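Following: one structure in structure tokens, then a few remarks.
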Amino acid sequence: MARQPRVTWDFLNRKIDAGEGSGFGEHYQAWIKIKRSNPSKVSSQVFKKIPPFHRAFHFLSKAEYKLALIFSWAGCHFREQLPIWPWHHPHPEAGREPEIERYLRPSAGTIELCKEAGIDHGCFVGTNIPYVWTMDFCMHLPWVEDKTKANVMVSAKPSVQLDPENAYDHSRVLEKLEIERRYCQEIGSAYLVGDYGAFPTMLMINLDAIVSCAVIPQSHYAHQIKNSFLDKHGHHLQKEHLGFTNDVLKSDFKCSENVAALIQNNLIWNQVIDVDLSKSILHSKAPIPGGISMRASLRSNLEKAL
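Per our numbering, the sequence shown starts with residue 1085, numbered consecutively.
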């Protein structure tokens, strides 16, 4: 296993100069990246693409990944492992929408927040360099019209981590949550503690199974096939058994099994076919509706936090 590099000011400056911890969308670079030199002792890490973007995301636990599936399906754009700097810095959303810059409040930094809360800030091991804290998710809700209120910060913490009987380093977990809460209060952003256990297990199983099919690029030949299929059959798909889509794509449009599955799963992820993803998907039966209303409810609940 490779050794993790010693943290120095020069090391941090190189990371910052390289754009780590900054950018939006495809161009964002996570501050903490999954490497062979930084395996987690308490969780399984996930490195995977999440729609609508093509870049791979760095999730430090399966808890983060499972929440990411939910947020992505709801239509959120998010950045993972976002640094909340020790020193004074602009609002994390500064630079996304130039017209709202003047409304975004800066932060004094986590050193000041820890001082106010009576919490030890901490330094990188073996140094006097203040540790760079990170937020699990910095989310942008693109469907919210008021762009000054379209930001939600989320800490991914399964309930077991909040249980003093079971949690690893429980007191430090609570201290981190408190500083995150104060940070969001300071900059005027909504803040949530997310637990994937609040969602049906089958929902995450289904989303994980079809997430790779969520986006079909316009340049992909399957995109045109999908449009032609919908022009001919889109009006009655809700009444057909789910296997109908796969069968017709193979028989009438000469699709391979893989391309037919890609298009079918794309329609299900995007709820062109209204399917309740909290239940098992049975291809031999007509879809059980409920996915559209569930996704709308997710969005509504996120908006209530704003």
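Using N, Cα and C, we set each Cβ at its ideal position, and we do this for glycine too.
All of these numbers come straight from a predicted model, not from anything done at the bench.
Below 8 Å on the Cβ atoms is my contact criterion, and I expect residue i with residue j to pass it. Report the Cβ-Cβ distance as a whole number of Å.
| i | j | result |
| --- | --- | --- |
| residue 1153 | residue 1288 | 6 Å |
| residue 1169 | residue 1193 | 6 Å |
| residue 1147 | residue 1280 | 6 Å |
| residue 1263 | residue 1198 | 6 Å |
| residue 1105 | residue 1115 | 4 Å |
| residue 1300 | residue 1346 | 7 Å |
| residue 1361 | residue 1278 | Contact doesn't hold; Cβ gap of about 18 Å is too wide. |
| residue 1135 | residue 1298 | 4 Å |
| residue 1166 | residue 1218 | 6 Å |
For residue i, which beta-bridge partners are listed by DSSP?
| i | result |
| --- | --- |
| residue 1168 | 1217 |
| residue 1141 | 1132 |
| residue 1162 | 1223 |
| residue 1275 | 1237 |
| residue 1319 | Looking at the DSSP assignment, residue 1319 forms no beta bridge with any residue, so it has no partner. |
| residue 1191 | 1173 |
| residue 1207 | 1214 |
Just the C-alpha distance for residue i and residue j, rounded to the nearest angstrom, thanks.
| i | j | result |
| --- | --- | --- |
| residue 1343 | residue 1158 | 25 Å |
| residue 1364 | residue 1284 | 11 Å |
| residue 1380 | residue 1255 | 36 Å |
| residue 1325 | residue 1359 | 11 Å |
| residue 1348 | residue 1329 | 6 Å |
| residue 1079 | residue 1229 | Look at the range of the chain in this structure, 1085 to 1390, and you will see that residue 1079 is not part of it. |
| residue 1372 | residue 1099 | 48 Å |
| residue 1211 | residue 1310 | 56 Å |
| residue 1220 | residue 1164 | 5 Å |
| residue 1089 | residue 1308 | 48 Å |
| residue 1385 | residue 1156 | 15 Å |
| residue 1339 | residue 1132 | 27 Å |
| residue 1108 | residue 1302 | 22 Å |
| residue 1208 | residue 1171 | 15 Å |
| residue 1382 | residue 1112 | 25 Å |
| residue 1121 | residue 1110 | In this prediction, residue 1121 has a pLDDT of 48, which is less than 50 and means its spatial position is unreliable; what the coordinates show is noted afterwards. Cα-Cα distance, rounded: 25 Å. |
| residue 1269 | residue 1313 | 49 Å |
| residue 1184 | residue 1130 | 34 Å |
| residue 1206 | residue 1259 | 11 Å |
| residue 1350 | residue 1195 | 45 Å |
| residue 1291 | residue 1149 | 11 Å |
| residue 1235 | residue 1387 | 9 Å |
| residue 1331 | residue 1315 | 16 Å |
| residue 1286 | residue 1337 | 31 Å |
Answer yes or no: do residue i and residue j have a C-beta to C-beta separation smaller than 9 Å?
| i | j | result |
| --- | --- | --- |
| residue 1323 | residue 1370 | yes |
| residue 1353 | residue 1271 | no |
| residue 1145 | residue 1240 | yes |
| residue 1226 | residue 1161 | yes |
| residue 1174 | residue 1191 | yes |
| residue 1216 | residue 1390 | no |
| residue 1356 | residue 1327 | no |
| residue 1266 | residue 1200 | yes |
| residue 1176 | residue 1296 | no |
Within 8 Å: the Cβ of residue i and any heavy atom of the ligand ATP?
| i | result |
| --- | --- |
| residue 1269 | Ligands are entirely absent from the displayed structure, and the ligand ATP is therefore not among its contents. |
Is there at least one Cβ from chain D nearer than 9 Å to residue i's Cβ?
| i | result |
| --- | --- |
| residue 1325 | Within the model displayed, chain D is absent; a lone protein chain is all it includes. |
Three Cβ pairs or more, each shorter than 8 Å: is that satisfied between the stretch 1171-1183 and the stretch 1365-1382?
no
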